[in-house]
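Convert by adding 8 to the 1-based position in the sequence shown; the result is the number in the working numbering.
Just so it is clear, CB atoms sit at the ideal spot from N, CA and C, and this is done for glycine as well.
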Amino acid sequence: MSTMTKTVALAAGLALATVAAQPAFAQKKGATASAASGTIVQGLGIASFDAVIANSNAYKAAETQRQTTYKAQYDQAQARNTALNAQIKPLVDKFNADRQGGKVGEAALQQQAASIQQIQENGKAELQRILQPVGLSQAYVNEQIEEKLNDAVKAAMTKKNVSILISPDAILAVNGGAYNLNQDILNELNTALPSAQLVPPAGWEPRQIREQRAAQGAQQPAPAATAPAGR
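This is the structure:
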């Protein structure tokens, strides 16, 4: 039954994770040196946009408010997740027992595994539908922040005389130092956008979907002109 090793990793639970961990705001060791530890490279700045966004007042306030505004969706998803786990666990236990007992044929085990996987996939899709308003809220808030981020970056760079801005992830080593612009950008962003609207308007779609829709519309050929009917 060597082919059944692929199904050993079947999980009994369905993960319910809706909010990603916020990026750390601290400088990377060995990558971003402070002014005290070395000479600042004039005109060179370092910034993590993900960290700036996650530490902005608008983002943090929205994360807190969302727990209350979308409590019904969170509770519904959690309850459904618990029910799905209860449904799947005995099926997984039976599959493992049958596989280890050696009395159930390969075809029957494959059928059990396929049934469990189908329930898992359907369950994940159901949880996504329940939490869709939460995901739209997250995308709506992020888009509002991103719309202000570019101007905040430009303003911070101008004030600190930074002409080149790079990500900490792109740095292999720094001999001396570079100006960490995270806090400066964050200050500008908090001023430009103290808070964000939490609930998107009806029919709102994330930018990526809007752009895809626009691209698809541009690729469609224009309707051919019809010749006027003869008299």
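**Message:** Is it the case that the region 121-133 contacts the region 91-102, given that we only count it when at least three CB pairs across the two stretches are under 8 Å?
**Reply:** yes
**Prompt:** Alpha carbon to alpha carbon, how far is residue 163 from residue 86?
**Reply:** On the sequence shown, position 155 is the one that residue 163 refers to. On the sequence shown, position 78 is the one that residue 86 refers to. Cα to Cα, the separation comes out at about 43 Å.
**Asked** In whole angstroms, what separates the C-alpha of residue 92 from that of residue 79?
**Response** For the purposes of this step, residue 92 is identified with residue 84 of the sequence shown, where counting begins at 1. For the purposes of this step, residue 79 is identified with residue 71 of the sequence shown, where counting begins at 1. If you take the alpha carbons of residue 92 and residue 79, they lie about 20 Å apart.
**Item:** Own chain residues within Cβ distance below 8 Å of residue 51, not counting five before or after
**Value:** As a working note, residue 51 is residue 43 in the sequence shown. Cβ neighbours of residue 51 beyond the five flanking positions: 169, 170, 171, 172.
**Asked** Looking at the unbroken alpha helix (DSSP H) that takes in residue 194, where does it start and where does it end?
**Response** Taking the first residue of the sequence shown as 1, we reach residue 194 at position 186. Counting along the chain, the alpha helix (DSSP H) containing residue 194 begins and ends at 190-200.
**Prompt:** Per the contact definition of three or more C-beta pairs closer than 8 Å, is the region 67-78 in contact with the region 140-153?
**Reply:** yes
**Asked** Distance, Cα to Cα, residue 229 vs residue 127?
**Response** Start at 1 with the first residue of the sequence shown, and residue 229 comes out as number 221. Start at 1 with the first residue of the sequence shown, and residue 127 comes out as number 119. Cα to Cα, residue 229 sits roughly 42 Å from residue 127.
**Request:** Using beta-carbon positions only, say whether residue 174 and residue 54 come within less than 8 Å of one another.
**Result:** Working through the sequence shown from its first residue, we reach residue 174 at position 166. Working through the sequence shown from its first residue, we reach residue 54 at position 46. Closer than 8 Å, so yes.
**Request:** Would you mind stating whether residue 63 and residue 189 have Cβ atoms separated by less than 8 Å?
**Result:** As a position in the sequence shown, residue 63 is number 55, starting the count at 1. As a position in the sequence shown, residue 189 is number 181, starting the count at 1. Going by C-beta atoms, residue 63 is not nearer than 8 Å to residue 189.
**Message:** I need the DSSP call for residue 78, collapsed to helix, strand or coil.
**Reply:** If you number the sequence shown from 1, residue 78 lands on position 70. It is coil, neither helix nor strand.
**Prompt:** Helix, strand or coil: which one does DSSP assign to residue 206?
**Reply:** Sequence index remark: in the sequence shown, residue 206 carries index 198 (1-based). Three-state result, residue 206: coil.
**Message:** Give me, in chain order, the residues of the same chain whose beta-carbon lies closer than 7 Å to that of residue 56; leave out the 5 immediate sequence neighbours on both sides.
**Reply:** In the sequence shown, residue 56 corresponds to position 48, counting from 1. Result list for residue 56: 31, 175, 176, 190, in chain order.
**Message:** Taking DSSP's pairing of strands, which residues face residue 187 in a bridge?
**Reply:** Your numbering for residue 187 matches position 179 in the sequence shown. According to DSSP, residue 187 bridges with 53.
**Message:** Please report the distance separating the alpha-carbon of residue 226 from that of residue 154.
**Reply:** Walking along the sequence shown from the start, residue 226 turns up at place 218. Walking along the sequence shown from the start, residue 154 turns up at place 146. Rounded to the nearest angstrom, the two C-alpha atoms are 25 Å apart.
**Request:** Measure the alpha-carbon distance for residue 107 versus residue 118 and round it to whole angstroms.
**Result:** Taking the sequence shown and counting its residues from 1, one reaches residue 107 at position 99. Taking the sequence shown and counting its residues from 1, one reaches residue 118 at position 110. So the alpha carbons of these two residues sit roughly 10 Å apart.
**Message:** Looking at the strands, I want to know which residues DSSP matches up with residue 99.
**Reply:** Walking along the sequence shown from the start, residue 99 turns up at place 91. Residue 99 is not bridged to any residue.
**Message:** Just verifying my parser: in three-state terms, what is the DSSP assignment at residue 179?
**Reply:** Here the question's residue 179 lines up with position 171 in the sequence shown. It is coil, neither helix nor strand.
**Item:** Integer-rounded CB distance, given that residue 65 should sit under 8 Å from residue 198
**Value:** Start at 1 with the first residue of the sequence shown, and residue 198 comes out as number 190. Start at 1 with the first residue of the sequence shown, and residue 65 comes out as number 57. Residue 198 to residue 65, Cβ: 5 Å. Contact.
**Asked** Across which residues does DSSP place residue 173 in a beta bridge pair?
**Response** For the purposes of this step, residue 173 is identified with residue 165 of the sequence shown, where counting begins at 1. DSSP lists 53 as partners of residue 173.
**Rounded separation between residue 166 and residue 159 - CA only** = Here residue 166 refers to the residue found at position 158 when the sequence shown is read from its first residue. Here residue 159 refers to the residue found at position 151 when the sequence shown is read from its first residue. Roughly 11 Å between the two C-alpha positions.
**Request:** In the DSSP assignment, find the alpha helix (DSSP H) that holds residue 145 and state where it starts and stops.
**Result:** Within the sequence shown, residue 145 is the residue found at index 137, counting from 1. Segment 140-167, the alpha helix (DSSP H) holding residue 145.
**Message:** Taking the alpha helix (DSSP H) that residue 225 belongs to, which residues open and close that run?
**Reply:** Indexing the sequence shown from 1 puts residue 225 at position 217. In the DSSP assignment, residue 225 falls within the unbroken alpha helix (DSSP H) covering 215-227.
**Asked** What number of angstroms, rounded off, separates the C-alpha of residue 215 from the C-alpha of residue 112?
**Response** Here the question's residue 215 lines up with position 207 in the sequence shown. Here the question's residue 112 lines up with position 104 in the sequence shown. Spanning the two alpha carbons is a distance of roughly 51 Å.
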